[in-house]
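Engineer: Residue numbers (my numbering): 540 to 693. Beta carbons are placed, not taken as given, at the ideal position from N, Cα and C, and that holds for glycine. The structure presented is a predicted model; accordingly, all values stated were derived computationally and were not measured.
#1: Could you check what DSSP says for residue 584 in three-state terms: helix, strand or coil?
#2: For residue 545 and residue 692, what's the separation of their Cα atoms in angstroms?
#3: Looking at C-alpha atoms only, which residue of 688, 672, 601, 618 is the closest neighbour of residue 609?
#4: Taking residue 686 as part of the beta strand (DSSP E), name the residues at either end of that continuous run.
#5: Where does residue 550 fall in DSSP's three states?
#6: Classify residue 622 as helix, strand or coil using the three-state DSSP reduction.
#7: Do residue 570 and residue 586 have their C-beta atoms closer together than 8 Å?
#8: Tell me which same chain residues have a C-beta within less than 7 Å of the C-beta of residue 542, skipping the five on either side of it?
#9: Just to check my reading of the structure: residue 537 and residue 634 have Cβ atoms closer than 8 Å, yes? What is that Cβ distance to the nearest angstrom?
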């Protein structure tokens with residue numbers, strides 16, 4: 540399965556698609572035509588993947604996978620950036636039985652993690668915008684206080 544989608548993101552995805560389709564490789568467009576942009580059911584949607592790997596919204600610059608939805612947003616072609624689960628990655632949000640954040644380790648992120656360590660950029664700082672987008676500024680400020688307190692006593 541691809542990136543988790545919230546129910547309210549489905550119409551956003553459908554609205555954004557016509558504006559960003561020109562970024563997608565032919566194979567991804569064919570997969571969308573055959574299998575759709577997303578799969579699942581209410582409360583359990585996810586983006587469709589190609590060969591259980593790349594999300595159908597991925598395009599490539601050389602060997603680097605990038606998000607066509609975000610490119611469309613940054614180029615002013617859409618007003619919706621991308622699914623919040625993608626914006627928050629490598630943090631995943633689970634809601635059973637209560638909301639929890641967990642860090643998902645994947646090999647593709649190793650270079651970014653190393654760079655963050657070299658530049659002293661913490662994950663909460665790197666993900667400030669999507670964390671605020673998902674949980675609000677008040678929550679984010681409290682989260683940073685807890686992180687700082689944890690660092691202080693560790």
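Structural biologist: On the basis of the data shown:
#1: strand
#2: 36 Å
#3: 618
#4: Looking at the DSSP string, residue 686 is not in any beta strand (DSSP E); the run it does join, the alpha helix (DSSP H), is 676–692.
#5: helix
#6: coil
#7: no
#8: 585, 586, 594, 622, 624, 625
#9: Any property of residue 537 remains undetermined from this structure, which presents the chain solely from 540 to 693.
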